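First to last, the sequence lines map onto chains X and W.
Residues -19 to 408 (the working numbering) make up the first sequence, in order.
Residues 976 to 1516 (the working numbering) make up the second sequence, in order.
Glycine residues also receive a C-beta, built at the ideal position from the N, C-alpha and C atoms.
Owing to the predicted nature of the structure, the values given are computational and were not obtained by experimental measurement.
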Amino acid sequence: MKLRKLMQQALLGAGACTLAITVHAADTIKVGVLHSLSGTMAISETTLKDTVLMMVEEQNKKGGLLGKKLEPVVVDPASNWPLFAEKTRELLTQEKVDVIFGCWTSVSRKSVLPVIEELNGLMFYPVQYEGEESSKNIFYTGAAPNQQAIPAVDYLMDELGVERWVLAGTDYVYPRTTNKILEAYLKAKGVAAQDIMINYTPFGHSDWQSIVSDIKKFGSAGKATAVVSTINGDANVPFYKELGNQGISSEDIPVVAFSVGEEELSGIDTAPLVGHMAAWNYFESVDTDANAAFIDQWRAFTGDDSRVTNDPMEATYIGFNMWAKAVEKAGTTDVDTVASTLIGMTTPNLTGGTATMLKNHHLSKPVLIGEIQSDGQFEVVWETEDLVPGDAWSDFLPASKPIVADWTAPINCGNYNTETKACSGQNF
Amino acid sequence: MRAILASWTLVALMCCLGSTANAESGQTAATESLLARLPSANLRETATLVGELEQSGGDRMLPLFQIMLDGRLYSRKSDDALVAVTQPPTGDWVLTDVFTGASLGTATRREVSKVRVNNRLRVQLREAIARIQLNAEDAGARLAAVDTLFGDLNDSSAALLSERRDLETDDKVKGAIEEALALYRLRSSSEPAVQVAALNVLAESLNTEVRYAVEQLAAADSAAALPVRNAARKALTRIDSNLEFYGFLEQLFFGLSLGSVLLLAAIGLAITFGVMGVINMAHGEMIMLGAYTTYVIQLLMPDHIGLSLWIAIPAAFLVSGLVGVIIERGVIRFLKGRPLETLLATFGISLILQQAVRTIFSPLNRQVASPEWMSGSLEINAALSITYNRLYILLFALLVFALLQLILKKTSLGLNVRAVSQNRDMAKAMGIRTEWVDAMTFGLGSGVAGVAGVALSQLTNVGPNLGQSYIIDSFMVVVFGGVGNLLGTLVGGFTLGVANKFLEPMTGAVLANILILVFIILFIQKRPKGLFPQKGRAAND
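This is the structure in structure tokens:
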């Protein structure tokens, strides 16, 4: 009798426990993390996964959101573009996450796009990209071309008097589109066609001898020459090494890169790179209190004093804070409500300014040009006076000139032609 | 009177002594005060300070400018003193006096702050150093100084150069000065006779800046007088034919260099695939393991970068070779004669090895430093320079090839390997332990791939994806050269490298790769056994 009672109580207790767990589980806000942890892109994306986890941990220390804890759901799309779409579907239908932070390459984002629009999810995309897109369900917290490429070219032209241009890139969508925009922009500025050299190389290209030798010849025509590099990832190290070995210093022909940040520099010997430049919206060396706190927090979180921070991390930081603020304000995690609350939302960035979410789902950002130093950090040599609003559809391409993105009434469209007054929606 | 004179002499002597002492301890007061302003100056102020320092300090500023150019000039936060910093790979930074080189102890990174330098300043520093170095003892330094000033001469530096020309004893330096001055005269003078004389000097020049200046004079719309224009046209033809010749040599070297990389990557595969017939998709990962071995060895001996590279060669051979033997014993021997399954199994192994490296070393690329003697280039003349790292790797590839030929042709292991690959059953009947030979051959091939990894670590990224980028190329070279023939791999590698480099300027890198691939496909249609097919009974397996 006594035993039975005891067992009953135990069962009851166990039942209550399970109940409590289920209640508890339903009582969290799920944050999906969609970054590759294996494969070629793991090199860049694992850092962003850690950043999101750090932000979640901090938000939980502050008591979570709407009285609920945040629960990260990490999946690994393994640098496999179609798998990004499958993992998105899994996050939205099985895990039922409230928001996703993810993607790095444009092709992975394009793969996610139809799924996230079909299932009406919410995603923050934290990397600089080629523009020409604006989705109702995606918020772009990295730079659009007019927030990175165009100001960098302006700097070279106005401050360094560059007249001849090498546009070197890896052969895929981001460099091709960016270079198309830049070429149109340079020609509009009066640069002759023979003063522009465009060169594409395959992913992971490692034999740069002929190309560097060509650049050298191109740069010795008596006019100041610069290389605008959209060379991606691994190919950069042999490229800069070859520049150094062939005796091209940053004073002769400076290289401005859009894909080389602190993280990429931490894996290489920076000696041949000193003086070359990069254009970003954030550098680890920026001296503000917010940035110092962020760096300390990052090092404490990773337990590694030599870990560096970079621009996509800042974009993740801004995206996360903006989402958290919007959820608090809206009082719900409902996608449509949060999305409309996000527009016009402001949050401090790490460089001492304020990021504002614009109607086209892009941010306003400062643009900084930094010179690479021997310690792998950047010394800021120039920055825009004001914040630059992100422009989803470039004004320098004839086809996208009349197009705007505006996710507020009455337009409510990411691809709206101001001439024909028609909304084309996404063309997948 | 005499007493007064004596005392005056004494005073003068003392003054003299005093000023020498002052100069030894540091600088004159004016220079000293300029130096004191350096730590707190912003980039623009630094630029003016450097100019003033060159004026007031002259030759003595050379070490300061050099250290500044190298980015090693720091100021100590405790007393704002300027120090030169050397960063050992581990431990605290070593501080030395900028001018005397005397040791000033050590400091942590936070105790010193860097005197920032940007590109504009570097140009200024380089030119200031060149002006000082024009009178240096070492002829090489003088030549470098003339090269820096070349093309940027103004009246005062041209005067400086012509002064130097009269003193100069070294022929090479004298030639460079003549050329620089001729270019200056060509640009600044409007006297046709002077310009024509300058053009005659410049016709043999290979400097691209000279070519540009001459080209402008030769252009149809040039404002130059007719004799000058004609002389310029003649000079331009001469310069262009010279440049073309050296351009061809340069491209040939690029091709050979790419070929040597292909050879290194493929030569291990030539043994495992060529001799044993195993389609080893994990071959690239053997290269990767070799590169990572280099990285680990460098971690263990951070102070001896050059030596670590030599140690890494046998170490990488052992590591990759051992892994190769394990793969052969553990997997491949069970799949003998089933090529499709071998392919899939080794592909799986390659993925496992990649992910293992990601887990152990992190997915980020690792930094393998290059020793001093492998950076920079060998300047043959203004139009042709050969980068040292490529040159050494070319020689290294040939050396590895020769060694491997020696092993296969002259050792008993080589004899056994050839016997087994030609007729397994017969070899077995003759008492050769074929199982053991298989393991050793696979180990040898993998070990050589590891050695290739050491070389590649000097050219490209050391990361988990290193191997993948070379596997296709390796198979291409082996198939093209002819399976089962090391000489074919050598010729195949260099042919593909040279062809690629001569195509690239015309078609771009992407299309060049595609064309090469298409060419190989067509070639294999015509000659399925490659360049050097095996002949005789051995070929009929």
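- Chain order gives no chain X residues near K1147 of chain W, where near means a beta carbon separation below 9 Å; the closest approach is about 18 Å.
- C-alpha of A1241 of chain W to C-alpha of D1448 of chain W: approximately 8 Å in a straight line.
- As computed with DSSP, Y396 of chain X is found in a beta bridge with X:V384 and X:C403.
- Against chain X, a Cβ distance below 8 Å from Y1221 of chain W picks out nothing, because the smallest value is about 11 Å.
- Here the C-alpha atom of A1082 of chain W lies approximately 20 Å from the C-alpha atom of P1277 of chain W.
- When the Cα atoms are used, K49 of chain X and F219 of chain X turn out to be separated by approximately 46 Å.
- Look at the beta carbons and you see the segment 1268 to 1282 of chain W touching the segment 1428 to 1442 of chain W: at least three pairs across the two are nearer than 8 Å.
- Judged by DSSP secondary structure, D375 of chain X falls outside any alpha helix (DSSP H); it is assigned neither H nor E.
- Within chain W, not a single residue places a beta-carbon under 7 Å from that of I211 of chain X; the smallest gap is close to 12 Å.
- Excluding residues up to 5 positions away in sequence, I1280, G1281 and L1284 lie with their Cβ nearer than 7 Å to the Cβ of P1346 of chain W in the same chain.
- If you look at R1365 of chain W, you'll find it in the alpha helix (DSSP H) that goes Y1363 to K1385.
- Its Cα nearest to that of V92 of chain X, the residue X:N60 stands out among X:G111, X:D78, X:L17 and X:N60.
- The alpha-carbon separation between F1371 of chain W and L1238 of chain W amounts to approximately 11 Å.
- With respect to chain X, the C-beta atom of S1352 of chain W has a partner C-beta closer than 7 Å.
- Measuring C-alpha to C-alpha distances from V142 of chain X to each of X:E363, X:N225, X:I178 and X:V208 identifies X:V208 as the nearest.
- Under the three-pair Cβ rule at 8 Å, the segment 1325 to 1333 of chain W does not count as touching the segment 1243 to 1254 of chain W.
- The Cβ of G1046 of chain W sits closer than 7 Å to at least one Cβ of chain X.
- Residues of the same chain with a CB within less than 8 Å of the CB of I1288 of chain W, apart from the 5 flanking positions on each side, are V1426 and V1429 in chain order.
- Here the alpha carbon of G283 of chain X sits roughly 14 Å from the alpha carbon of T289 of chain X.
- Close to P1480 of chain W, with beta-carbon spacing below 8 Å, are these residues of chain X in chain order: S190 and D194.
- The residue from W:R1085, W:L1070 and W:R1084 with its alpha-carbon nearest to that of S1078 of chain W is W:L1070.
- For the pair A204 of chain X and A1151 of chain W, the Cα-to-Cα distance works out to about 23 Å.
- Against T1021 of chain W, chain X offers no close residue; the least beta-carbon distance is about 12 Å (beta-carbon pairs closer than 9 Å).
- In the DSSP assignment, D1448 of chain W falls within the alpha helix (DSSP H) that extends over Q1443 to G1456.
- N225 of chain X belongs to the set of residues whose beta carbon lies under 7 Å from a beta carbon in chain W.
- The residues I1042 and V1090, in chain order, have a CB closer than 6 Å to that of L1048 of chain W in the same chain once the five nearest residues on each side in sequence are set aside.
- Residues are counted here when their Cβ sits less than 9 Å from a Cβ of chain W; for the segment 127 to 155 of chain X these are L140 and D151, given in chain order.
- Each of W:F1292, W:A1245 and W:T1247 was checked against the Cα of L1264 of chain W, and the nearest Cα belongs to W:F1292.
- Residues of the segment 31 to 50 of chain X with a C-beta less than 9 Å from any C-beta of chain W: none at all.
- With a cutoff of 7 Å on beta-carbon distance, A335 of chain X and T327 of chain X are scored as near each other.
- According to the DSSP secondary-structure assignment, A148 of chain X is paired through a beta bridge with X:N179 and X:S209.
- Any Cβ of chain W closer than 7 Å to the Cβ of E70 of chain X would place that residue at the interface, and such an atom is absent.
- Assigned with DSSP and collapsed to three states, A1199 of chain W falls in coil, not helix or strand.
- By the Cβ criterion, the segment 264 to 281 of chain X is in contact with the segment 348 to 358 of chain X, since at least three pairs of Cβ atoms, one from each stretch, lie closer than 8 Å.
- The three-state secondary structure of I349 of chain X, taken from DSSP, is strand.
- The C-alpha of R1019 of chain W lies about 37 Å from the C-alpha of K1147 of chain W.
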